[in-house]
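The sequence shown begins at 112 in our numbering and counts up by one.
The beta carbon of each residue, even a glycine, is placed where N, CA and C say it ideally should be.
Given the structure is predicted, the values throughout are model-derived calculations rather than measurements.
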Amino acid sequence: MLTSGIGSSRTTAVLSADLEHALQRCIVLASPFGTIRLLRPESPAVREFVLELEPPGAVRLRWTLRAVDAGTELAIVRPASIAQLAAWGRRGSIPNARLDRILKLLTHTVNMKIVVIGGGSGLYTTLLGLRDRSWSLTSIISGLPRAVIARDPRDQLGSLPRDDASLCLVALAPTLGENVVLRSLLTHRMERRSWRGAHFGAALLAALEETVGSRQAALDAAGQLLGIRGRITIALGSGTHPSVSARESAVGAIAAADMVVVAPGHLELDLMPVLSSPGIIHALQRTAASKVAVTTIMTAEHSSEEATTTSHQARALAKLTGCHFDVVVANHGVVHSNQLKRYAAAGARPVSPDVEATSLHAHQVVTERLSAPGDLARHDPDRLGECLLEVGVQWLGQRKEQAS
Numbered sequence: 112m113l114t115s116g117i118g119s120s121r122t123t124a125v126l127s128a129d130l131e132h133a134l135q136r137c138i139v140l141a142s143p144f145g146t147i148r149l150l151r152p153e154s155p156a157v158r159e160f161v162l163e164l165e166p167p168g169a170v171r172l173r174w175t176l177r178a179v180d181a182g183t184e185l186a187i188v189r190p191a192s193i194a195q196l197a198a199w200g201r202r203g204s205i206p207n208a209r210l211d212r213i214l215k216l217l218t219h220t221v222n223m224k225i226v227v228i229g230g231g232s233g234l235y236t237t238l239l240g241l242r243d244r245s246w247s248l249t250s251i252i253s254g255l256p257r258a259v260i261a262r263d264p265r266d267q268l269g270s271l272p273r274d275d276a277s278l279c280l281v282a283l284a285p286t287l288g289e290n291v292v293l294r295s296l297l298t299h300r301m302e303r304r305s306w307r308g309a310h311f312g313a314a315l316l317a318a319l320e321e322t323v324g325s326r327q328a329a330l331d332a333a334g335q336l337l338g339i340r341g342r343i344t345i346a347l348g349s350g351t352h353p354s355v356s357a358r359e360s361a362v363g364a365i366a367a368a369d370m371v372v373v374a375p376g377h378l379e380l381d382l383m384p385v386l387s388s389p390g391i392i393h394a395l396q397r398t399a400a401s402k403v404a405v406t407t408i409m410t411a412e413h414s415s416e417e418a419t420t421t422s423h424q425a426r427a428l429a430k431l432t433g434c435h436f437d438v439v440v441a442n443h444g445v446v447h448s449n450q451l452k453r454y455a456a457a458g459a460r461p462v463s464p465d466v467e468a469t470s471l472h473a474h475q476v477v478t479e480r481l482s483a484p485g486d487l488a489r490h491d492p493d494r495l496g497e498c499l500l501e502v503g504v505q506w507l508g509q510r511k512e513q514a515s
């Protein structure tokens with residue numbers, strides 16, 4: 112809702128988070144657009160800060176968060192006196208005449224519904240980058256056991272849970288400290304005779320499934336128990352063949368989304384188990400959400416020369432889903448020499464963005480420096496999350512303009 116006085120604008124929304132979590136996420140959302148200045152709260156139930164958009168002094172937006180029964184009420188107020196030019200994001204300036212529309216868009220951005228599809232470390236990284244940038248974040252996984260030939264997921268901190276459900280629980284943990292604890296707990300191998308060799312994460316979900324009656328209900332219960340920031344849904348039904356109908360929760364999430372992201376990953380091992388479901392494919396083809404594909408930084412092991420380009424991945428995803436993607440996001444950062452040496456031994460090579468050829472399969476190709484330092488060629492979660500949020504805002508804004 113947006114209301115206006117003489118030369119001023121106020122936009123409000125109710126966020127499904129407690130006051131402190133809402134404050135943290137709003138600061139994460141607002142900080143790329145300017146300078147944040149925290150204000151002294153007028154009461155324990157209120158938090159406030161000012162966002163000064165670039166260039167300095169151009170426009171100040173006052174963000175007021177107030178605890179309410181439904182969560183946290185957010186009000187963004189633009190004072191009556193403003194300059195003629197204000198900046199938005201990292202890529203330039205906007206005229207003052209469009210500021211009211213941007214204020215409306217801000218609340219849509221805060222409440223943007225994002226769905227991420229995939230598996231393995233690419234799914235983990237994408238969720239980690241979006242966790243604090245969305246109040247409505249849904250992960251869709253296949254629900255099938257990970258292929259025996261698939262490598263165990265890892266990031267720069269070490270091993271991650273092998274099964275995608277536990278992987279998502281770790282990624283969506285509220286804080287870094289809880290992420291570390293959950294990572295250790297869910298990857299722990301049981302020593303008791305009846306569970307010997309099983310990971311605790313798999314044992315926990317199996318026990319919850321026996322208690323509540325289904326795998327999806329078990330995931331929902333685990334999410335509530337661990338206080339995760341988002342929801343995990345299963346694409347396939349109770350059967351184990353990919354032709355089983357997609358679960359209603361996964362299809363419903365895609366239908367209601369503002370942006371659907373296909374996370375970077377191995378096509379056969381990470382993406383096809385989810386995207387081979389006819390229900391998911393049909394939902395992707397029908398949704399009004401922007402469809403975004405993130406390409407990998409390195410090829411799979413012993414891939415062909417053709418596989419070293421982003422167009423190869425975009426073409427494969429377009430063929431698999433029957434969709435012309437709105438955006439393909441690609442890394443154009445330099446792959447570090449230590450990463451090249453590590454992957455060369457396995458026959459993997461860097462993926463280069465060939466924008467013109469990739470544009471045949473997407474309306475827009477976004478290239479950013481997204482790689483993280485370290486021995487593993489992985490996307491940096493913060494850079495990827497910020498890039499995806501900007502892409503989502505851009506396409507959501509276009510959709511709102513077309514609807515008005």
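Spatial neighbours of Val403 in its chain, beta-carbon cut-off 8 Å, leaving aside the 5 residues before and after
Met370, Val371, Val372, Val373, Phe436, Asp437, Val438, Val439, Val440, Leu499, Val502 and Gly503
Compare the C-alpha of Ser387 against each of Ala366, Met409, Val188 and Thr432 and name the closest.
Thr432
Relative to the alpha-carbon of Leu150, which residue among Gly231, Ile343 and Leu162 has its alpha-carbon at the smallest distance?
Leu162
Pairs of beta-carbons, one from the stretch 247-256 and one from the stretch 273-287, closer than 8 Å: are there three or more?
yes
C-alpha distance - Arg315 paired with Phe160, whole-angstrom precision
Checking the displayed sequence, the identity of residue 315 turns out to be Leu instead of Arg. Taking the straight line joining both Cα atoms gives about 41 Å.
For Val584 versus Thr419, is the C-beta spacing smaller than 8 Å?
Not covered by the structure: residue 584. The range shown for the chain is 112 to 515.
Assign Ser245 to one of two classes, buried (16 or more other C-beta atoms within 10 Å of its C-beta) or exposed (fewer than that).
buried
Would the stretch 475-489 and the stretch 218-228 be scored as touching if the rule is three or more Cβ pairs under 8 Å?
no
Trp174, DSSP secondary structure in three states
strand
Classification of Thr322 by the beta-carbon crowding that lies within 10 angstroms, buried from 16 upward
exposed
Let's see if you can read the secondary structure: which residues bound the alpha helix (DSSP H) around Ile408?
Looking at the DSSP string, Ile408 is not in any alpha helix (DSSP H), and its letter there is neither H nor E.
N-terminal and C-terminal residue of the alpha helix (DSSP H) that Asp369 is part of
No alpha helix (DSSP H) holds Asp369; DSSP gives it neither H nor E.
How close, in whole Å, do the beta carbons of Leu255 and Val281 come, if the pair is a contact with beta carbons under 8 Å?
Actually they do not touch by this definition, with Cβ atoms about 19 Å apart.
State the DSSP-derived secondary structure class of His435, mapped to helix, strand or coil.
coil
Pick helix, strand or coil for Gly182, following the three-state DSSP scheme.
strand
In angstroms with no decimal places, state the Cα-to-Cα distance between Gly341 and Leu185.
20 Å
I'd like the span of the beta strand (DSSP E) that includes Gly145, first residue to last.
Gly145 to Leu150
Round the Cβ separation of Ala346 and Ala366 to the nearest angstrom and send it over; I've been treating them as touching at under 8 Å.
Wrong, their Cβ atoms sit about 14 Å apart, outside the cutoff.
Cutoff 6 Å; reference Ser127; Cβ partners in own chain excluding five residues on either side:
Gly182 and Trp246
With a threshold of 6 Å on Cβ separation, who are the neighbours of Ser401 within its own chain once the five nearest residues in sequence on each side are excluded?
Met370, Asp437 and Trp506
If you reduce the DSSP assignment to three classes, tell me which class Pro492 lands in.
helix
On a Cα-Cα basis, can you pick out the residue from Phe144, Ala178, Thr220 and Ala156 that is closest to Thr122?
Thr220
Does the distance from the C-beta atom of His377 to that of Gly288 stay below 8 Å?
no
Contacts around Gln450, its chain only, beta-carbon distance under 6 Å, and the 5 residues preceding and following it disregarded:
Ala488
Per DSSP, what are the beta-bridge partners of Val476 in this structure?
Val439
Between Leu164 and Arg189, what straight-line distance do the alpha-carbon atoms span, to the nearest angstrom?
11 Å
Pick out whichever of Gln135, Ala411, Arg177 and Arg397 has its Cα sitting closest to the Cα of Pro285.
Gln135
Excluding the five sequence neighbours on either side, which residues of its own chain have a C-beta within less than 6 Å of the C-beta of Thr407, listed in chain order?
Pro375 and Val462
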